[in-house]
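Novice:
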Amino acid sequence: EFTATGSSNMDTGKASGSLETKYKDKEYGLTFIQKWNTDNTLGTEISVEDQMAEGLKLAVDTTFVPNTGKKSGKLKTSYRRDYIHAGCSVDIDLSGPTIYGWAVLGYEGWLAGYQMAFDTAKYKLTQNNFALGYKAGDFQLHTNVNDGTEFGGSIYQKVTNKVETSVNLAWTAGSNNTRFGIAGKYQLDEKTSVVVRI
1 EFTATGSSNM DTGKASGSLE TKYKDKEYGL TFIQKWNTDN TLGTEISVED QMAEGLKLAV
61 DTTFVPNTGK KSGKLKTSYR RDYIHAGCSV DIDLSGPTIY GWAVLGYEGW LAGYQMAFDT
121 AKYKLTQNNF ALGYKAGDFQ LHTNVNDGTE FGGSIYQKVT NKVETSVNLA WTAGSNNTRF
181 GIAGKYQLDE KTSVVVRI
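As structure tokens, then:
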């Protein structure tokens, strides 16, 4: 598989893009992914899925920036079944890895999720997020609280087979800064779409 994406920020005038190739060996559950973006970051992910247990995925994800020589990596695992998706990842960092964890539970259109990050070098919880959502037919509602200070909500509707719309609202406690966004997607054909965000 081959994927190319691009975007342009109207405020800064900066354009960015990425290129991704993916190879899958279904017999052994292996997936190899190579990535490159216009920030000149190279990435490789190798994963194995459904081999030790159904729904279990293990992966190694690495990045390399040739200009600076910066290297990073993560060990990742996730488990997915009908009503639960949970996972954990660990930064490969000798000064003290950060541990990330998440879980999403779903039942009859309702979803509840939790996400956390723990910095082992500082012995501190650095991320503490909760979300709740509901999906009914072509309509979706989502709310979230990040670290107890950022609050958000969104509404999505699939208007027709070719047209999708969404509205997003967010604010931060202790600030008068409210963020509002609106987006639309038009499906030109089976593999091509146009997305507009304001």
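The sequence shown lines up with residues 1 to 198 when you count with full-length UniProt numbering. We put the CB at the ideal spot given by N, CA and C, even for glycine.
Hey, out of Arg81, Ser18 and Thr68, whose CA is closest to Asp50's CA?
Specialist: As a first step, residue 50 is located in the sequence shown; it is residue number 50 there, counting from the start. Answer by Cα proximity: Arg81.
Novice: Report the rounded CA-to-CA distance for Lys24 versus Phe2, giving the unit in angstroms.
Specialist: As a first step, residue 24 is located in the sequence shown; it is residue number 24 there, counting from the start. As a first step, residue 2 is located in the sequence shown; it is residue number 2 there, counting from the start. Straight-line Cα distance between these residues: approximately 12 angstroms.
Novice: Short check: CB of Ser95 to CB of Leu75, under 8 angstroms?
Specialist: Counting from one through the sequence shown, the residue named residue 95 turns up at place 95. Counting from one through the sequence shown, the residue named residue 75 turns up at place 75. Not closer than 8 angstroms, so no.
Novice: Would the segment 104-113 count as touching the segment 60-77 if we require 3 or more Cβ pairs under 8 angstroms?
Specialist: no
Novice: Could you please give the first and the last residue of the uninterrupted beta strand (DSSP E) stretch that includes Ala112?
Specialist: Counting from one through the sequence shown, the residue named residue 112 turns up at place 112. Ala112: member of the beta strand (DSSP E) spanning Trp110 to Asp119, first to last residue.
Novice: Please say whether Asn144 and Ala136 have beta carbons closer to each other than 8 angstroms?
Specialist: Along the sequence shown, read from residue 1 onward, the residue named residue 136 stands at position 136. Along the sequence shown, read from residue 1 onward, the residue named residue 144 stands at position 144. No, Cβ-Cβ distance for Ala136 and Asn144 is not below 8 angstroms.
Novice: Rounded to whole angstroms, what's the CA-CA distance from Lys14 to Gly6? Just pull it up for me.
Specialist: The residue given as residue 14 occupies position 14 in the sequence shown. The residue given as residue 6 occupies position 6 in the sequence shown. Each residue's Cα considered, the two are about 11 angstroms apart.
Novice: Do Leu169 and Gly152 have their C-beta atoms closer together than 8 angstroms?
Specialist: Numbered from 1 along the sequence shown, position 169 holds the residue referred to as residue 169. Numbered from 1 along the sequence shown, position 152 holds the residue referred to as residue 152. Yes, the pair counts as a contact, with Cβ atoms nearer than the cut-off.
Novice: Can you list, in chain order, the residues of its chain with a C-beta nearer than 7 angstroms to that of Ser154? Leave out the 5 residues immediately preceding and following it.
Specialist: Taking the first residue of the sequence shown as position 1, residue 154 is located at position 154. If we look at Ser154 and ignore the five residues flanking it on each side, its Cβ neighbours are His142, Ser166, Val167 and Asn168.
Novice: Starting from the C-beta of Gln187, find all residues in its chain whose C-beta is less than 6 angstroms away, skip the five residues before and the five after it, and write them out in chain order.
Specialist: For the purposes of this step, residue 187 is identified with residue 187 of the sequence shown, where counting begins at 1. Closer than 6 angstroms at Cβ, skipping near neighbours: Lys162 and Ser193.
Novice: What do you reckon, are the CB atoms on Asp61 and Gly69 nearer than 8 angstroms?
Specialist: Against the sequence shown, residue 61 aligns to sequence position 61. Against the sequence shown, residue 69 aligns to sequence position 69. Cβ distance not < 8 angstroms, so Asp61 and Gly69 don't count as in contact.
Novice: Excluding five sequence neighbours on each side, which residues of the same chain lie with their C-beta closer than 7 angstroms to the C-beta of Lys158?
Specialist: Position 158 of the sequence shown, counting from 1, holds the residue named residue 158. Excluding positions up to five away in sequence, the list reads Asp138 and Glu164.
Novice: Taking all protein chains shown into account, decide if Gly133 is buried (16 or more other Cβ within 10 angstroms of its Cβ) or exposed.
Specialist: Working through the sequence shown from its first residue, we reach residue 133 at position 133. Buried, because 16 or more other Cβ atoms sit within 10 Å of the Cβ of Gly133.
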